[in-house]
Every structure is written in C-alpha cells, then in structure tokens.
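Okay, so the sequence shown: first residue is 11 according to the numbering used here, each after it adds one.
Just so it is clear, CB atoms sit at the ideal spot from N, CA and C, and this is done for glycine as well.
Being a predicted model, the structure only gives us computed values, none of them experimental.
Written out below as structure tokens is the structure these notes cover.
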Amino acid sequence: MKIGIDARMYGLENAGIGRYIKNLLTHLFAIDKTNSYTIFLRSRYSRTLKVPKNVTKVTANFAHYSLDEQTKLVRLLNNHKVDLMHFPHFNVPLLYRKPFVVTIHDLLWHKTKGLGVTSLSPFKYAFKYLGYRAVVNHALASSEAILVPSQFVKQEVVHYGGLDRKITVTYEGVDTHLPKVKTGNFAKLAKTWHIKSPFIVYTGSVYPHKNVKRLILAVKHYHEMSHQSLQLVIISSRTIFLDTIRKFVKQHQLGTSVSFTGFLPDSDIKAIYGQAIALVHPSLSEGFGLTGLEAMALGVPVISSHAGSLPEVYGQAALYIDPKNVGDIAGKIKDLIEHPAMRQNLIDSGYRQVAKFDWQATAQTTLGVYQSATKPL
C-alpha cells in the first residue's frame, strides 16, 4: 500500500500538531517496513529530514488555510497517486476526493467563536469561519476514518456530525526516556531571559482559550496574598495574541514578574523545567494536553485546569484548578510551594501517569486504521 501523509506542519515550531507529526512519522517508519510512504513537507524538512528507503519526500510549500492548499496541493497529491492519504489536521482540501484518514485534535472553534478570538475584521472573520466549517464538515463526512487524541474529542466529533464507527482514539505519547533535568544550561538561560526563582512555567500557544490572562492575574494575586515573589515564564512563539499578552502584563505593571522566552528548543525547555516550581496548564478547552505529560516525564509537577480532556489524560497526577477562578489558581500555586510533600507526591504520580502513554502505541494503532480503511467492505 502507498500511504501519503500531509506533513507540512512537521516540526516543533508548529507546536502540538508539529510534535504529533514528528513523533508519529518517527515511530511509523520504525515499525512499518512493508508499506511505502510519500510525505509532503515544507522545503526546510524535505531537504534535511532523513527517512528510510520505503519513504519518499515531496516538497509542498503551500500555506495552511490558503487558496493554494485548496488547489495546488490537490494537484500535487493527485499526481503522486497514493492509495490512502492521512491529513493530520482538519484542513483537508475540499476538492480532494480520494480515500483519506483525518486526525481531529479538537473542535475548539465550533464552540469558541466571535470577534474576541480573532484579530480579523468582522467581514474577514465571518468569511474565514464559514470556510472553516465547510472544510471540517468535508473532513468528517468524506473521510474513511477519523483519528482523535482522547475520548473527550471523540464525543465532540460525534456531537458535531462524525459517525461513531469511523472514530478511533489514538492517545498521543511522550518520550519516557527523557532525562530528569536538574542542571544544564539554566544559568545561561536565566540570564538571557531574566528568569528569577521561584518561578512557574506556561508552555504553548496563547490563544484566548488558553486562559493565560487569568494565570497572569493569579501571579499578581499570589504576590498580594503571600507577600512573596513568584515569576511566570511563558514559553511561546510570537503571534499577535502574544503581543496582546505582553500589553496585558504591562497594563497590570507586572513586567519583572513575567518572562517571555519565545520559541525554545527542547534542550532549553528541559533546563528551564528542571528549576521550575510547576508547569501550570489553565486552558478552558484542550483536546489532549501533551505539554503536561512532557513536564511529568521530566519530574515537574503539573497544576491543571479540569477542562476538556485534561482529567482524562492527567488522571490523579495533577493538582486541579478552577480555570475561571483567579483566587483558586493562586491558592493552588501557594499550596504547592508551601507543601514539599504534596509536590513530591505529584512528581511521583506524574512518572506513573506518563508510563501509560507511548508513541509506538500511537503509531501501531494508526497503522491499524490505515489497513482497515483500505479494506473492501
């Protein structure tokens, strides 16, 4: 079987989806030497990514959510005549009519909509939102199979029109062999990014649903109620939403209490995690929550929202907060700082929880879906 994979979002700079594609390909290629693969990549990775002999790389420099994606990408895919295509995000071109599997990481924009979640003008937003709904509807209705990262997302997909029989939950994984970092480059990073202990970490995008503004207010509230210093380190690539967060910090006169690092390689993230009090995940909706599992794998306690899939993924290994209650967020941070035994218990529980998630299992389940999707009824 010749399998195509849209890997244009490959790479850690593309946040959770980029990491998902990277790990899925690594483990798929390790376990499957029978099928042949054609992967469609941006030029940066089509030049540099090393692949086994049964994998062909094709350059596909077409922006996501663009007209080129809807037209030129379709022509490119058709030219390579794959038996099954895997789109690892919802953006399946409307004109693509051959068999495909799609991964739906969440349906956040079905629930979170309006001018408060965009920087576009009302007209442009309305046009883009209609396009989004059309593309997702096509992905759900026309796919041979739908992959989702959690039972929570499966329920959402069923609710919004996906057939239950088409959906397979493929939990994502985490590299359990990651070193338990406690030293490393931290001194250099702290000087570069003006990081001061004690500090907590937030890693990921800063879209409005990520609830970072309330986390910032919680740090301010912590200062007021404890009269102790605490810094928040935000590890996030620059977007217009990050600029908004910077303005919010300035507005609340918290400049030295919040450090923005921008995108960092894994080695730097590990060094910062190794000195953090905790990773805080205050999201209002989440399809999986990989950043928390990665923190657990490095021995970092996780303070998490109870929204979306997070309790499903983190189990009893996180300290849960009401994400809409600034006082509760601040109080849980204070509890963790003041109770070392609680912190150690979360660290120990985190190691046990991480062991349940494995990228090889993700790849094995995904391969099974490929095989089932191409079998005649």
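| To which residues of the same chain is Ile232 closer than 8 Å at the C-beta, ignoring the five residues directly before and after it? | As written in the sequence, residue 232 is Tyr, which differs from the Ile given in the question. Gln238, Leu240, Ala340, Ile343, Lys344, listed in sequence order.
Mapping DSSP to helix, strand and coil, what is Phe4?
Here the chain comprises residues numbered 11 to 387, so residue 4 is not present and cannot be evaluated.
Residue closest to Ser269, alpha-carbon to alpha-carbon, out of Glu296, Thr213, Tyr324: Thr213
8 Å contact criterion, which Phe258 and Tyr217 should meet: CB distance rounded | Not confirmed; about 14 Å, so no contact.
Check: For Met95, which three-state DSSP category applies?
Finding: strand
Margin query: At a threshold of 7 Å, does Leu346 count as lining the ligand PLP (C-beta to nearest heavy atom)?
Written below: Ligands in the displayed structure: none, and consequently the ligand PLP is not present.
Does DSSP put Ala155 in a helix, in a strand, or in coil?
strand
Is it right to say Ile41 is buried, meaning 16 or more other beta carbons lie within 10 angstroms of its own, or is it exposed? exposed
Exercise for review: Indicate whether Val84 and Leu105 have their beta-carbon atoms separated by less than 8 Å.
Suggested key: yes
Cα separation between His316 and Pro333? 8 Å
- Could you pull the start and end residues of the alpha helix (DSSP H) that Thr384 belongs to? It is not in any alpha helix (DSSP H) - Thr384 carries neither H nor E in the DSSP assignment.
Between Lys82 and the rest of its own chain, which residues show a CB-CB distance below 7 Å, the 5 nearest in sequence each way excluded? Phe72
Applying the criterion that 16 or more other CB atoms from any shown protein chain within 10 Å of the CB defines a buried residue, is Gly360 buried or exposed? buried
Using beta-carbon positions only, say whether Ser76 and Phe298 come within less than 8 Å of one another. no
Run the CB neighbour count on Glu182, radius 10 Å, all protein chains shown included, and call it buried at 16 or more, exposed below.
buried
Self-check item: Whole-angstrom distance between Leu264 and Lys201, CA atom to CA atom
Solution: 19 Å
For Phe39, does the three-state DSSP call read helix, strand or coil? helix
Alpha-carbon to alpha-carbon, His204 and Ala197: 10 Å
Q) For the beta strand (DSSP E) that Gly341 lies in, which residues bound it at each end? A) Segment 336-348 is the alpha helix (DSSP H) holding Gly341; no beta strand (DSSP E) there.
Q. In chain order, what residues of the same chain lie with their CB nearer than 7 Å to the CB of Ala373, ignoring the 5 residues before and after it?
A. Leu34, His37, Leu38, Ile41
* Terminal residues of the continuous alpha helix (DSSP H) containing His169? -> 161-169
- Query: Cβ atoms of Gly21 and Leu300: under 8 Å apart, would you say?
  - Reply: no
Q) Can you tell me the Cα-Cα spacing of Lys260 and Gly28, whole angstroms? A) 31 Å
| field | Same chain, Cβ closer than 8 Å to Lys223, neighbours up to 5 away in sequence not counted | value | Ile255, Phe258
Under DSSP, the beta strand (DSSP E) around Lys67 begins and ends at which residues?
65-69
8 Å CB neighbourhood of His74 in its chain, flanking five on each side removed
Arg18, Met19, His99, Asn101
Beta carbon of Val364, beta carbon of Tyr283: below 8 Å?
no
Chain D within 8 Å of Tyr20, Cβ atoms only
The structure shown has no chain D; it contains just one protein chain.
* To do: Take the Cβ of Val273 as the centre, count every other Cβ of all protein chains shown within 10 Å, and call the residue buried at 16 or more, exposed below.
  => It is Phe, not Val, that sits at residue 273 in the sequence shown. Phe273 is exposed by the Cβ-count criterion.
| query | Three-state secondary structure (DSSP) at Gly214? | reply | coil
- Query: Where in the segment 238-286 do unbroken runs of the alpha helix (DSSP H), each at least 4 residues long, occur, reported from the N-terminal end onward?
  - Reply: 250-261, 276-283
Looking only at DSSP bridge pairs, what is Leu87 linked to? Looking at the DSSP assignment, Leu87 forms no beta bridge with any residue, so it has no partner.
### Message
Buried or exposed, going by whether 16 or more other CB atoms sit within 10 Å of the CB of Ser207?
### Response
exposed
Task: Lys121 - containing alpha helix (DSSP H), residue span - done: 118-121
Note to self: Whole angstroms are fine: how far does the CA of Leu308 sit from the CA of Lys280?
What the structure shows: 7 Å
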